[in-house]
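Asks: Quick one: this structure, given as structure tokens, is what I'll be asking you about.
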Amino acid sequence: MVSTKLIVNAESAAEFLMLMGNEKRLLIMSYLAEGEMSVGAIAEKVML
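Note that the sequence shown ends on residue 44 in the working numbering; no numbers are left out.
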């Protein structure tokens, strides 16, 4: 039996992955995972 908690977490994870399913957003998250960056530096690297 699938627990309610698992269902809620799966729904949240699916929503998050849909939001991150954009190339530029994934690049931004990758750069930020390496360390802090200014908005201007991110915009330049991601070509926003």
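We put the beta carbon where it would ideally sit given N, CA and C, even for glycine.
(1) Since S34 is in the alpha helix (DSSP H), which residue starts that stretch and which ends it?
(2) Could you give the DSSP three-state label for A44: helix, strand or coil?
(3) Relative to the alpha-carbon of M43, which residue among L23, A6, K1, F12 has its alpha-carbon at the smallest distance?
(4) If you run the structure through DSSP and keep just helix, strand and coil, what is S(-1)?
(5) By the three-class DSSP mapping on this structure, what secondary structure does N5 have?
Replies: Judging by the given coordinates:
(1) Careful: S34 lies outside any alpha helix (DSSP H) and carries neither H nor E.
(2) The residue asked about is misnamed: residue 44 is Leu in this sequence, not Ala. Here L44 sits in coil by DSSP.
(3) L23
(4) coil
(5) helix
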